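Numbering (the working numbering), first residue to last: 1 to 212.
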(Lines of atoms letter the chains of each structure in order from A; the text may use other names.)
(Lines give C-alpha, C1' and ligand atoms only; values in the text may rest on other atoms or scores of the structure.)
Protein backbone atom coordinates (compact mmCIF):
# COMPACT_ATOMS: atom_id res chain seq x y z
CA UNK A 1 0.00 0.00 0.00
CA UNK A 2 1.30 3.44 -0.95
CA UNK A 3 1.44 5.96 1.91
CA UNK A 4 0.95 9.61 1.01
CA UNK A 5 1.51 12.69 3.18
CA UNK A 6 -1.15 15.31 2.47
CA UNK A 7 -0.79 18.90 3.75
CA UNK A 8 -3.45 20.41 5.97
CA UNK A 9 -4.64 23.90 5.12
CA UNK A 10 -4.71 25.79 1.84
CA UNK A 11 -3.12 23.05 -0.28
CA UNK A 12 -5.32 20.17 0.91
CA UNK A 13 -8.28 20.49 -1.46
CA UNK A 14 -6.14 20.71 -4.60
CA UNK A 15 -3.87 17.94 -3.31
CA UNK A 16 -6.81 15.59 -2.89
CA UNK A 17 -8.09 16.57 -6.34
CA UNK A 18 -4.66 15.77 -7.82
CA UNK A 19 -4.63 12.24 -6.42
CA UNK A 20 -8.30 11.70 -7.24
CA UNK A 21 -7.58 12.35 -10.92
CA UNK A 22 -4.84 9.73 -10.67
CA UNK A 23 -7.28 7.16 -9.26
CA UNK A 24 -6.66 7.60 -5.53
CA UNK A 25 -9.67 9.18 -3.82
CA UNK A 26 -9.19 10.66 -0.34
CA UNK A 27 -12.24 12.93 -0.48
CA UNK A 28 -13.38 11.75 2.97
CA UNK A 29 -10.52 13.82 4.42
CA UNK A 30 -12.50 16.92 3.44
CA UNK A 31 -15.59 15.98 5.45
CA UNK A 32 -16.24 18.75 7.96
CA UNK A 33 -16.84 16.52 10.99
CA UNK A 34 -14.03 14.07 10.28
CA UNK A 35 -11.19 14.30 12.82
CA UNK A 36 -9.18 11.29 11.63
CA UNK A 37 -5.56 11.86 10.60
CA UNK A 38 -5.27 8.76 8.39
CA UNK A 39 -7.47 7.82 5.42
CA UNK A 40 -7.60 4.92 3.00
CA UNK A 41 -8.35 5.58 -0.65
CA UNK A 42 -11.62 4.18 -1.96
CA UNK A 43 -9.69 1.61 -4.00
CA UNK A 44 -7.75 0.47 -0.89
CA UNK A 45 -4.44 0.82 -2.75
CA UNK A 46 -3.19 3.81 -0.78
CA UNK A 47 -3.29 5.45 2.63
CA UNK A 48 -3.05 9.18 3.33
CA UNK A 49 -1.57 10.89 6.39
CA UNK A 50 -2.98 14.33 7.11
CA UNK A 51 -0.07 16.42 8.42
CA UNK A 52 1.03 20.04 8.70
CA UNK A 53 2.50 21.44 5.51
CA UNK A 54 5.87 21.88 7.18
CA UNK A 55 5.95 18.24 8.28
CA UNK A 56 5.34 16.71 4.84
CA UNK A 57 9.05 16.59 3.86
CA UNK A 58 9.88 15.06 7.24
CA UNK A 59 7.45 12.15 6.82
CA UNK A 60 8.63 11.58 3.25
CA UNK A 61 12.34 11.90 4.05
CA UNK A 62 12.14 9.46 6.96
CA UNK A 63 10.14 6.94 4.93
CA UNK A 64 6.84 7.10 6.79
CA UNK A 65 5.31 8.30 3.53
CA UNK A 66 6.24 7.27 -0.01
CA UNK A 67 4.86 10.42 -1.62
CA UNK A 68 3.81 13.86 -0.44
CA UNK A 69 2.64 17.25 -1.62
CA UNK A 70 4.27 20.33 -0.15
CA UNK A 71 4.81 23.98 -0.98
CA UNK A 72 8.14 24.79 -2.61
CA UNK A 73 8.73 27.34 0.16
CA UNK A 74 8.69 24.59 2.79
CA UNK A 75 10.68 22.20 0.63
CA UNK A 76 13.40 24.76 0.03
CA UNK A 77 13.58 25.73 3.69
CA UNK A 78 13.68 22.14 5.02
CA UNK A 79 16.66 20.96 2.91
CA UNK A 80 15.70 17.33 3.64
CA UNK A 81 16.65 14.53 1.25
CA UNK A 82 13.59 13.80 -0.87
CA UNK A 83 13.02 13.08 -4.55
CA UNK A 84 11.65 16.23 -6.20
CA UNK A 85 9.21 14.84 -8.74
CA UNK A 86 6.69 17.33 -10.15
CA UNK A 87 5.69 20.98 -10.04
CA UNK A 88 1.91 20.71 -9.63
CA UNK A 89 1.26 24.37 -10.37
CA UNK A 90 -1.35 25.17 -7.72
CA UNK A 91 -0.97 27.10 -4.48
CA UNK A 92 1.08 29.78 -6.17
CA UNK A 93 2.50 32.69 -4.17
CA UNK A 94 5.65 34.79 -4.02
CA UNK A 95 8.31 34.71 -1.33
CA UNK A 96 8.74 38.43 -0.88
CA UNK A 97 10.63 41.11 0.98
CA UNK A 98 8.30 43.73 2.45
CA UNK A 99 8.66 46.90 4.50
CA UNK A 100 6.41 49.55 6.02
CA UNK A 101 4.69 51.62 3.36
CA UNK A 102 5.79 54.88 4.96
CA UNK A 103 9.45 53.85 5.14
CA UNK A 104 12.12 55.18 2.79
CA UNK A 105 13.10 51.69 1.61
CA UNK A 106 12.33 51.20 -2.07
CA UNK A 107 14.73 48.33 -2.78
CA UNK A 108 16.70 45.76 -0.71
CA UNK A 109 19.94 47.76 -0.82
CA UNK A 110 18.16 50.68 0.87
CA UNK A 111 17.94 48.68 4.10
CA UNK A 112 20.52 49.74 6.69
CA UNK A 113 23.36 47.34 7.49
CA UNK A 114 22.66 44.99 10.41
CA UNK A 115 18.97 45.86 10.51
CA UNK A 116 16.50 43.26 11.75
CA UNK A 117 14.42 41.22 9.29
CA UNK A 118 11.59 39.02 10.62
CA UNK A 119 10.75 35.74 8.91
CA UNK A 120 9.46 32.20 9.37
CA UNK A 121 11.88 31.19 6.61
CA UNK A 122 15.23 31.98 8.21
CA UNK A 123 17.40 29.88 5.85
CA UNK A 124 15.78 31.44 2.81
CA UNK A 125 16.06 34.95 4.23
CA UNK A 126 19.68 34.49 5.29
CA UNK A 127 20.69 33.08 1.91
CA UNK A 128 18.94 35.93 0.10
CA UNK A 129 20.73 38.68 2.00
CA UNK A 130 24.08 36.87 1.80
CA UNK A 131 23.76 36.79 -1.99
CA UNK A 132 23.10 40.52 -1.94
CA UNK A 133 26.03 41.00 0.44
CA UNK A 134 23.77 42.85 2.89
CA UNK A 135 24.47 42.07 6.57
CA UNK A 136 21.20 41.71 8.50
CA UNK A 137 19.98 40.17 11.74
CA UNK A 138 17.31 37.54 10.96
CA UNK A 139 14.59 37.33 13.63
CA UNK A 140 12.77 33.98 13.61
CA UNK A 141 9.02 34.33 14.11
CA UNK A 142 6.48 31.52 13.75
CA UNK A 143 3.32 33.61 13.73
CA UNK A 144 2.26 36.83 12.02
CA UNK A 145 5.57 38.27 10.84
CA UNK A 146 3.80 41.48 9.78
CA UNK A 147 3.94 42.51 13.43
CA UNK A 148 7.73 42.82 13.19
CA UNK A 149 7.73 46.16 11.34
CA UNK A 150 4.46 47.29 12.96
CA UNK A 151 5.93 47.02 16.46
CA UNK A 152 9.32 48.35 15.41
CA UNK A 153 11.10 45.07 16.15
CA UNK A 154 12.15 44.67 12.51
CA UNK A 155 12.70 46.91 9.51
CA UNK A 156 11.46 44.31 7.03
CA UNK A 157 9.96 40.84 6.63
CA UNK A 158 10.52 37.90 4.30
CA UNK A 159 7.28 35.99 3.90
CA UNK A 160 4.86 34.38 1.46
CA UNK A 161 2.56 36.77 -0.37
CA UNK A 162 -0.43 35.53 -2.37
CA UNK A 163 -2.77 38.45 -3.04
CA UNK A 164 -0.99 41.15 -1.05
CA UNK A 165 -4.14 41.86 0.94
CA UNK A 166 -2.56 41.09 4.32
CA UNK A 167 0.38 43.36 3.57
CA UNK A 168 -1.92 46.20 2.52
CA UNK A 169 -4.14 45.84 5.59
CA UNK A 170 -1.06 46.11 7.80
CA UNK A 171 0.54 49.06 6.04
CA UNK A 172 3.29 47.07 4.32
CA UNK A 173 4.50 46.94 0.70
CA UNK A 174 6.66 44.54 -1.29
CA UNK A 175 10.04 45.78 -2.47
CA UNK A 176 11.35 42.51 -3.94
CA UNK A 177 10.37 38.94 -4.83
CA UNK A 178 12.77 36.13 -3.97
CA UNK A 179 11.00 33.37 -5.92
CA UNK A 180 7.61 31.97 -6.89
CA UNK A 181 6.36 29.02 -4.84
CA UNK A 182 3.92 26.32 -5.99
CA UNK A 183 2.89 22.89 -4.71
CA UNK A 184 5.39 20.11 -5.44
CA UNK A 185 5.09 16.33 -5.52
CA UNK A 186 7.95 14.71 -3.61
CA UNK A 187 8.94 11.10 -2.97
CA UNK A 188 11.03 9.03 -0.60
CA UNK A 189 14.27 8.14 -2.45
CA UNK A 190 14.37 4.54 -1.17
CA UNK A 191 10.70 3.96 -2.02
CA UNK A 192 11.40 5.27 -5.50
CA UNK A 193 14.29 2.84 -5.97
CA UNK A 194 12.39 -0.18 -4.66
CA UNK A 195 9.13 0.83 -6.36
CA UNK A 196 7.23 -2.18 -5.03
CA UNK A 197 3.99 -0.24 -4.60
CA UNK A 198 3.49 0.96 -8.19
CA UNK A 199 4.76 4.44 -7.34
CA UNK A 200 5.90 5.12 -10.89
CA UNK A 201 2.41 4.39 -12.22
CA UNK A 202 0.91 6.84 -9.73
CA UNK A 203 3.47 9.53 -10.56
CA UNK A 204 2.92 9.09 -14.30
CA UNK A 205 -0.85 9.31 -13.79
CA UNK A 206 -0.45 12.54 -11.84
CA UNK A 207 1.91 13.93 -14.46
CA UNK A 208 -0.44 13.14 -17.33
CA UNK A 209 -3.60 14.45 -15.64
CA UNK A 210 -1.81 17.54 -14.33
CA UNK A 211 -0.74 18.44 -17.86
CA UNK A 212 -4.36 18.63 -19.08
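All residues carry an ideal CB built from backbone N, CA and C; glycine is no exception. Please read these numbers as outputs of a predicted model, since none were measured by experiment.
Around the CB of residue 1, fewer than 16 other CB atoms lie within 10 Å, so the residue is classed as exposed.
It is roughly 27 Å from the alpha-carbon of residue 131 to the alpha-carbon of residue 186. Of the other Cβ atoms in all chains shown, 16 or more fall within 10 Å of the Cβ of residue 61; this residue is therefore buried.
In terms of Cβ geometry, residue 141 and residue 118 form a close pair [threshold 8 Å]. Taking the Cα positions, residue 136 is about 14 Å away from residue 99. Per DSSP, the continuous beta strand (DSSP E) segment holding residue 38 begins and ends at 38 to 40. A distance below 8 Å separates the beta carbons of residue 96 and residue 178.
Here residue 8 is near residue 51, since their CB atoms are less than 8 Å apart. In the same chain as residue 14, and ignoring 5 residues on each side of it, the C-beta atoms closer than 8 Å to its own belong to 88, 90, 91 and 183, in chain order. Taking one beta carbon from each stretch, the segment 71 to 79 and the segment 39 to 59 have 3 or more pairs nearer than 8 Å; the two touch.
Classified as buried, residue 6 has 16 or more neighbouring CB atoms from the shown chains inside 10 Å of its CB. Taking 3 residues as the minimum length, the beta strand (DSSP E) runs contained wholly in the segment 91 to 168 are 93 to 100, 115 to 119, 136 to 140 and 156 to 161, in order along the chain. Residue state for residue 185 is assigned as strand, using DSSP reduced to three classes. Shortest Cα-Cα distance from residue 153 to any of 159, 160 and 145 involves 145.
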